[in-house]
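Novice:
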Amino acid sequence: MRALGISLGTWCLGFRNRHSAERTERTGKNGVHTWFLGAATMRLNQNTLLLGKKVVLVPYTSEHVPRYHEWMKSEELQRLTASEPLSLEQEYAMQRSWREDADKCTFIVLDAEKWQAQPGTTEESCMVGDVNLFLTDLEDPTLGEIEVMIAEPSFRGKGLGTEAVLMMLSYGVTRLDLTKFEAKIGQGNEPSIRMFQKLHFEQVAVSSVFQEVTLRLTISESEHEWLLEQTSHVEEKPYRDGSAEPC
Ligand SMILES: CC(C)(COP(=O)(O)OP(=O)(O)OC[C@H]1O[C@@H](n2cnc3c(N)ncnc32)[C@H](O)[C@@H]1OP(=O)(O)O)[C@@H](O)C(=O)NCCC(=O)NCCS
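Heads up, the sequence shown is in UniProt numbering, so the first residue is 1 and it goes up one at a time.
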């Protein structure tokens, strides 16, 4: 979740500071106005649970922080997500930022099988990753940047990343009025690039400075239909903080 650093740029480097810088550059009068109009929609997910076939998406709460913090000690994940390691205290502050800031939308990805098979189990024990959306263009609140991480290696390559992204795209379109998505991916991250390409994203830019590619998906009418078809099984339910019970 490299973008967790957006509002805490002084702690973080790389992508995190880059997003802050982009925002600072675009604080024109109209830009700010548009930003807050669009931003008001992004907190919608704080009481939302999305139930898919392979994954369950829940809002990022303090219950999830210890495991998340453990994941991000991995140098591989730091590299793949362009994240800097944070202290546990910083991670809690980051979680609050994601929960409270209006310009970000984040879900923790739970393994649906475990979550459903073991009623009463903690969410923390079902966690496998996260998926995020955030607004990056002050002048265009219909553009969302998407990121995903299946942090647990044993859960990769099983379709969880794909379903989490599809669910997030669909949520972004239907609930947040987004019509365009971008994914910024390290040039060497073949699994991620391929996954987004399979999800109809096309490469639109290469940055030699950040050594990353930008892939984009524009939601045309046909893409909209396709997305709704791909996620027709997804159920949206109210989420209660700390609720570990499958609904
Ligand atoms: C990239 C990532 C999100 C993919 O999620 P996943 O659940 O492992 O991927 P899926 O099982 O849904 O696979 C979807 C497609 O991605 C591609 N893919 C996945 N793993 C791959 C691998 N090891 N090598 C090549 N392609 C791969 C394939 O095209 C695959 O489709 P296929 O199974 O029909 O061949 C996951 O591997 C991950 O989180 N990695 C670490 C963190 C990261 O890189 N995050 C992205 C930062 S931009």
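Glycine included, each C-beta is placed from N, C-alpha and C at the ideal position.
(1) What does the alpha-carbon distance come out to for the pair Arg-23 and Leu-135?
(2) In whole angstroms, what is the alpha-carbon distance linking Leu-169 and Leu-50?
(3) At what residues does the beta strand (DSSP E) containing Leu-86 begin and finish?
(4) Can we count Arg-149 as close to ligand 1, meaning its CB is less than 7 Å from some heavy atom?
(5) Indicate, with yes or no, if ligand 1 has a heavy atom lying under 7 Å from the CB of Lys-114.
(6) In whole angstroms, what separates the C-alpha of Gly-144 from that of Ser-192?
(7) Under the criterion of a Cβ to heavy atom distance below 7 Å, does Lys-53 qualify as lining ligand 1?
(8) Tell whether a beta-carbon distance below 8 Å holds between Arg-67 and Met-127.
(9) Which residues mark the beginning and the end of the alpha helix (DSSP H) in which Thr-231 is found?
(10) What residue ranges within the stretch 131-199 form continuous beta strand (DSSP E) runs of no fewer than 3 residues, ordered along the chain?
(11) How should Lys-184 be labelled, buried or exposed, when 16 other C-beta atoms within 10 angstroms of its C-beta is the threshold for buried?
(12) Write down the C-beta distance between Asn-189 and Phe-107 rounded to the nearest angstrom, noting that I regard them as a contact closer than 8 Å.
(13) State the Cα-Cα distance for the pair Phe-201 and Gly-161, rounded to the nearest angstrom.
(14) Measure the beta-carbon distance from Ala-112 to Gly-129 and round it to whole angstroms, keeping in mind my assumption that it falls under 8 Å.
(15) Report yes if the CB atom of Glu-163 is closer than 8 Å to the CB atom of Lys-53, and no otherwise.
(16) Determine, using beta carbons only, whether Lys-104 and Pro-85 come nearer to each other than 8 Å.
(17) Taking only the alpha-carbon atoms, compute the straight-line gap between Ile-146 and Gln-118 and give it to the nearest angstrom.
(18) Should Val-165 and Leu-199 be called a contact, given that it needs their Cβ atoms to be closer than 8 Å?
(19) Whole angstroms are fine: how far does the CA of Glu-89 sit from the CA of Tyr-60?
(20) Compute every distance between the C-beta of Ser-83 and the non-hydrogen atoms of ligand 1, then say whether any falls below 7 Å.
(21) Tell me the DSSP secondary structure of Val-109 in three-state form.
(22) Tell me the DSSP bridge mates of Leu-49?
(23) Could you check whether the Cβ of Leu-80 sits closer than 7 Å to any heavy atom belonging to ligand 1?
Specialist: Quick look at the numbers:
(1) Within the sequence shown, the letter at position 23 stands for residue 23. Within the sequence shown, the letter at position 135 stands for residue 135. With a pLDDT of 34 at Arg-23, under the threshold of 50, the modelled position of that residue is not reliable, and the figure given next carries that caveat. For Arg-23 and Leu-135, the distance between alpha carbons rounds to 10 Å.
(2) Reading the sequence shown from its first residue, position 169 is the one you call residue 169. Reading the sequence shown from its first residue, position 50 is the one you call residue 50. Between Leu-169 and Leu-50, the C-alpha separation is close to 12 Å.
(3) Taking the sequence shown and counting its residues from 1, one reaches residue 86 at position 86. Neither: Leu-86 is in no beta strand (DSSP E) and is coded neither H nor E.
(4) Locating residue 149 in the sequence shown gives position 149, counting from the first residue. The sequence shown places Met at residue 149, rather than the Arg named in the question. For ligand 1, at least one heavy atom lies less than 7 Å from the Cβ of Met-149.
(5) Taking the sequence shown and counting its residues from 1, the one referred to as residue 114 is at position 114. Incorrect: Lys-114 has no Cβ contact closer than 7 Å to ligand 1.
(6) Your numbering for residue 144 matches position 144 in the sequence shown. Your numbering for residue 192 matches position 192 in the sequence shown. Answer to the nearest angstrom: the Cα atoms are 17 Å apart.
(7) Taking the sequence shown and counting its residues from 1, one reaches residue 53 at position 53. Outside the cutoff, so no.
(8) The residue labelled residue 67 in the question sits at position 67 within the sequence shown. The residue labelled residue 127 in the question sits at position 127 within the sequence shown. In contact: Arg-67 and Met-127 (Cβ atoms closer than 8 Å).
(9) Against the sequence shown, residue 231 aligns to sequence position 231. Run containing Thr-231: none; DSSP gives neither H nor E here.
(10) 143-150 and 180-186
(11) Translated into positions along the sequence shown, residue 184 becomes position 184. Looking at its Cβ environment, which holds 16 or more other Cβ atoms inside 10 Å, Lys-184 is buried.
(12) Here residue 189 corresponds to residue number 189 of the sequence shown, with the count starting at 1. Here residue 107 corresponds to residue number 107 of the sequence shown, with the count starting at 1. Rounded, the Cβ-Cβ distance is 21 Å, inconsistent with contact.
(13) Taking the sequence shown and counting its residues from 1, one reaches residue 201 at position 201. Taking the sequence shown and counting its residues from 1, one reaches residue 161 at position 161. Cα to Cα, Phe-201 sits roughly 15 Å from Gly-161.
(14) On the sequence shown, residue 112 is found 112 positions in, with the first residue counted as 1. On the sequence shown, residue 129 is found 129 positions in, with the first residue counted as 1. In fact, because the Cβ distance is near 13 Å, the residues do not count as touching under 8 Å.
(15) Locating residue 163 in the sequence shown gives position 163, counting from the first residue. Locating residue 53 in the sequence shown gives position 53, counting from the first residue. Against a cut-off of 8 Å, the Cβ pair of Lys-53 and Glu-163 comes out as a contact.
(16) The sequence position of residue 104 within the sequence shown is 104, counting from 1. The sequence position of residue 85 within the sequence shown is 85, counting from 1. Not a contact, by the Cβ cut-off of 8 Å.
(17) Numbered from its first residue, the sequence shown carries residue 146 at position 146. Numbered from its first residue, the sequence shown carries residue 118 at position 118. Approximately 30 Å, taken between the alpha carbons.
(18) Your numbering for residue 165 matches position 165 in the sequence shown. Your numbering for residue 199 matches position 199 in the sequence shown. Contact: yes.
(19) For this step, residue 60 is matched to residue 60 along the sequence shown. For this step, residue 89 is matched to residue 89 along the sequence shown. Roughly 15 Å separates the two Cα atoms.
(20) Here residue 83 is taken as the residue at index 83 of the sequence shown, counted from 1. Ser-83 Cβ: outside cutoff for every heavy atom of ligand 1.
(21) Locating residue 109 in the sequence shown gives position 109, where the first residue counts as 1. Reduced to three states, the DSSP call for Val-109 is strand.
(22) Along the sequence shown, one-based indexing puts residue 49 at 49. Looking at the DSSP assignment, Leu-49 forms a beta bridge with Lys-237.
(23) Taking the sequence shown and counting its residues from 1, one reaches residue 80 at position 80. Checking the Cβ of Leu-80 against ligand 1 gives yes.
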